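Worksheet: the structure to be examined is printed underneath.
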Amino acid sequence: MAPNWNLYSWRDKEAAQQPPWPDESVHQEVLDELKQQPPLVFAGEVRQLKDHLAAVARGDAFLLQAGDCAEEFRQSHAKIIKEKLKIILQMAVVLTYGGLKPVVKLGRIAGQYAKPRSKPSEVVNGEELLTFRGDCVNSLEPTPAARTPDPQRLLRAYHQSASTLNLLRAFTHGGFADLSRVHNWNLDYVKNSPLVHKFDSMAEAIYQSLEFMRACGLDSSRFPQLHQVDLYTSHEGLLLDYESALTRVDSLTQQWYNCSAHMLWIGDRTRQIDGAHVEYFRGVRNPIGVKVGPTCDPDSLRSLITALNPENEPGRIVLITRFGAEKIAGFLPGLVRRTKEMGADVVWSCDPMHGNTFLSTSGFKTRHFDKILSEVNQFFQIHRAEGTVPGGIHLELTGDHVTECVGGTDEVRDEELPYRYSTACDPRLNAKQSLEIAFHVSELLRSHRNGL
Ligand code: PEP
Ligand code: CO
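Counting from 1, position 269 in the sequence shown corresponds to residue 268 in numbering that gives the first Met the number 0; the numbering is continuous, with no gaps.
Now the structure itself:
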């Protein structure tokens with residue numbers, strides 16, 4: 000066990016971004032109930048993910064972490080979950096085919112309900128309201144009652160995470176993710192796009208390879224990798240009371256695991272070295288993501304890595320960098336060099352979304368596809384120059400036909416943003432834009448592999 004750590008040692012530190020629950024005793028009752036609930040994920044699965052991430056850090060696999068900025072309770076029906084899974088499966092197969100290495104699939108899903116905010120309140124229609132902090136805290140609806148934090152929502156978040164995860168497990172292990180069905184992962188609304196034709200040609204080539212192997216006498220039923228997929232779950236570990244209530248001792252190893260998701264990440268706003276989030280996460284054995292933005296200098300990064308992974312365990316730390324296309328070149332090389340000096344074993348993953356947000360002329364929070372691509376390109380270039388591994392990509396996306404990010408081959412224009420802008424928080428890539436990124440990154444992986 001981590002020295003001087005216990006499940007609640009974080010309470011002696013400053014915990015940023017915790018909701019102002021109106022009645023602490025009701026909050027406590029909910030937490031007591033959560034403590035009685037079964038774990039959502041199991042320590043053995045978490046260890047498996049850590050092994051896969053260790054392979055990512057060595058350059059033997061690639062990490063795709065993707066999903067909503069904020070999941071919503073009202074978006075819980077099977078069709079929506081299936082559409083998100085389809086786009087992740089499509090992207091993963093494109094990346095595997097182009098990059099020629101296994102892709103570790105990690106959803107921002109089945110628990111991504113809590114959001115950090117830059118301000119505690121906002122003015123809507125002349126009225127001052129508490130800000131929306133994610134469906135597990137309050138409601139997006141702009142009324143004082145809806146914005147009041149309600150601890151019962153934590154229970155709903157737990158149950159909704161459980162049912163989402165249940166469906167994902169069924170889809171990924173029950174035949175839907177079988178590689179011979181790769182054609183069926185196309186999303187209905189994307190049917191007539193050049194990207195889909197590109198995807199279909201790739202799917203046909205995969206199908207032909209499987210047929211060829213069968214003709215050679217290889218019995219594909221003996222290879223579970225061809226018939227099912229491991230999709231791991233992740234969310235920002237923001238609400239420390241909730242996370243602690245779902246933290247359990249593994250009966251096999253006697254170590255503490257957070258059982259609300261396979262991987263959790265610490266956000267850019269909560270990674271203070273002497274803060275409660277770092278204190279809590281240093282004591283659980285899950286892989287931990289750390290969002291790293293322009294305010295993280297090399298010394299702070301070194302302290303964070305030392306606190307969270309003192310034994311330099313491979314697969315434990317994923318550094319999710321989010322500088323923005325204009326800043327990455329100024330910040331990333333220094334951080335990469337510091338980790339090299341330390342000999343730290345880390346996964347570097349590129350979040351090209353959060354540093355590239357701006358307000359459109361029509362007043363919508365958006366991101367430009369070209370800036371997203373530019374940050375990804377620079378991420379690969381910098382790692383090539385430094386001799387380190389560009390290990391993964393972290394995206395906010397949806398299988399829905401949304402117009403939230405501008406640009407892309409099938410250009411979403413500024414004036415089109417209001418058409419289908421439905422995110423509860425940050426703007427997401429739609430399925431076409433996501434597929435386009437996947438083809439682009441698969442080319443980058445291919446060039447990186449060939450030393451270009
Ligand atoms: C997020 O991932 O939605 C988020 C809030 O990111 P960051 O902590 O990097 O701002
Ligand atoms: Co976001």
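No residue lacks a Cβ here, since even glycine has one placed at the ideal position from N, Cα and C.
These numbers come from a predicted model, not from an experiment.
Beta strand (DSSP E) segment containing residue i, residue limits
i    : result
G460 : Nothing about residue 460 can be read from this structure; the chain reaches only from 0 to 451.
R247 : T246 to V248
H290 : First, the amino acid is wrong: residue 290 is Lys here, not His. Here the beta strand (DSSP E) through K290 covers I287 to V291.
E121 : S120 to V123
E126 : E126 to L129
L263 : M262 to I265
Nearest-angstrom Cβ-Cβ length linking residue i and residue j, presumed shorter than 8 Å
i    : j    : result
S160 : S259 : 7 Å
W264 : E310 : Not confirmed; about 20 Å, so no contact.
S359 : T365 : 5 Å
A69  : G110 : Wrong, their Cβ atoms sit about 11 Å apart, outside the cutoff.
S348 : Q64  : 7 Å
T422 : E435 : No, T422 and E435 are not in contact; Cβ-Cβ is about 19 Å, not under 8 Å.
D350 : I319 : 5 Å
Y279 : F363 : Contact doesn't hold; Cβ gap of about 35 Å is too wide.
A56  : P313 : 6 Å
V346 : V317 : 4 Å
V401 : N429 : 5 Å
F72  : R146 : Not confirmed; about 15 Å, so no contact.
E82  : D399 : 6 Å
P150 : W20  : 6 Å
P293 : K339 : 20 Å between Cβ atoms; not a contact.
F175 : N185 : So it is not a contact: roughly 13 Å between Cβ atoms.
R337 : K290 : Contact flag wrong, Cβ pair sits at about 17 Å.
N355 : G390 : About 20 Å; that fails the 8 Å criterion.
L237 : L39  : The Cβ separation is near 16 Å, so there is no contact.
Secondary structure of residue i, DSSP reduced to three states
i    : result
Y256 : strand
S441 : helix
R104 : Checking the sequence shown, residue 104 turns out to be Lys, not Arg. Three-state result, K104: strand.
I86  : helix
L153 : helix
L416 : coil
G450 : coil
G98  : helix
V411 : strand
L167 : helix
V136 : coil
V92  : helix
L434 : helix
Element boundaries [alpha helix (DSSP H), containing residue i]
i    : result
E278 : A275 to R281
E462 : Residue 462 lies beyond the stretch modelled for the chain, which goes from 0 to 451, so this question has no answer here.
V29  : E23 to K34
P2   : Here P2 belongs to no alpha helix (DSSP H), and DSSP marks it neither H nor E.
A144 : P143 to R146
Residues around ligand 2, please: the ones whose beta-carbon is closer than 7 Å to some heavy atom of it, in chain order. Those residues placing their Cβ nearer than 7 Å to any heavy atom of ligand 2 are, following chain order, C68, M352, H353, E395, C424 and D425.
Which whole runs of the beta strand (DSSP E) in the stretch 174-238 are 3 residues long or more, in chain order? DSSP runs (the beta strand (DSSP E)) wholly in the stretch 174-238: 230-235.
Could you tell me which uninterrupted alpha helix (DSSP H) segments, each at least 4 residues in length, are contained entirely in the stretch 300-382, listed from first to last along the chain? Those alpha helix (DSSP H) runs which fall completely within the stretch 300-382 and span 4+ residues are 327-341.
If we require 4 or more residues per run, which alpha helix (DSSP H) segments fall completely within the stretch 37-65? Taking only runs of at least 4 residues, the alpha helix (DSSP H) segments lying wholly in the stretch 37-65 are 42-57.
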